[in-house]
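Participant: Numbering (full-length UniProt numbering), first residue to last: 1 to 161.
Glycine included, C-beta positions come from ideal geometry on N, C-alpha and C.
Being a predicted model, the structure only gives us computed values, none of them experimental.
Here it is: the structure, laid out below.
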């Protein structure tokens, strides 16, 4: 489950083109980050990752996804992990002191988009200032794409918020 290169998004060599393509769809009322430093935290309120090694691997994977976007933006946005400062309680409500809250959830979990169990919707995210990235805990996830849904790509594309 742990194999694979976290930074091996070889087919995404022109990330700037992707970002500019997405920006072409922006409306004048678009929601954007108003600050350059964006804090994020990964929490596991349902204790789905069995050990600290898996939790650390998840934070590394998320950090890599944000680093790819940060590099594509020539460092304009600085994504900082503040996971160690955030409580890992069973409360799924977004902590007020983090810009992007990332967690695994199941079914109806307190926002407008309930998960559907295994298959179909695997994740959802929201624009600023809401800043969430929720992953369906019922999916078969993989850190390296060897089986199940590849967390690297889901985190990469959902972190586009």
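#1: What first and last residue would you give for the beta strand (DSSP E) that runs through residue 152?
#2: What does residue 39 pair with, by DSSP beta-bridge criteria?
#3: Using the C-alpha atoms, what's the distance from residue 156 back to residue 140?
#4: From what residue to what residue does the beta strand (DSSP E) around residue 123 run?
#5: Within 10 Å of its beta-carbon, does residue 22 have 16 or more other beta-carbons around it, so buried, or fewer, so exposed?
#6: Can you find the residues in the same chain that come closer than 8 angstroms, C-beta to C-beta, to residue 154, ignoring five residues on each side of it along the sequence?
#7: Identify every residue that forms a DSSP beta bridge with residue 102.
#8: How many angstroms separate the CA atom of residue 84 from the CA atom of residue 113?
#9: With 16 other CB atoms within 10 Å as the buried threshold, where does residue 87 fall?
#10: Alpha carbons only, please: which of 74, 94, 75 is nearest the one belonging to residue 125?
Facilitator: By the coordinates alone:
#1: Here the question's residue 152 lines up with position 152 in the chain shown. Per DSSP, residue 152 belongs to no beta strand (DSSP E); it is in the alpha helix (DSSP H), 151 to 158.
#2: Translated into positions along the chain shown, residue 39 becomes position 39. The partner list for residue 39 (beta bridge, DSSP) reads 80.
#3: Along the chain shown, one-based indexing puts residue 140 at 140. Along the chain shown, one-based indexing puts residue 156 at 156. Roughly 18 angstroms separates the two Cα atoms.
#4: As a working note, residue 123 is residue 123 in the chain shown. Residues 123 to 125.
#5: Translated into positions along the chain shown, residue 22 becomes position 22. Below a pLDDT of 50, predicted positions are generally treated as unreliable, and residue 22, at 49, falls in that range; no measurement from the model is reported.
#6: Your numbering for residue 154 matches position 154 in the chain shown. Correct list, in chain order: 122, 123, 135.
#7: Reading the chain shown from its first residue, position 102 is the one you call residue 102. In the DSSP output, where bridge partners are listed per residue, residue 102 has 42, 133.
#8: The residue labelled residue 84 in the question sits at position 84 within the chain shown. The residue labelled residue 113 in the question sits at position 113 within the chain shown. Distance between the alpha carbons of residue 84 and residue 113 is about 27 angstroms.
#9: Within the chain shown, residue 87 is the residue found at index 87, counting from 1. Burial call: exposed.
#10: Taking the first residue of the chain shown as 1, we reach residue 125 at position 125. For residue 125, the nearest C-alpha among the options comes from 94.
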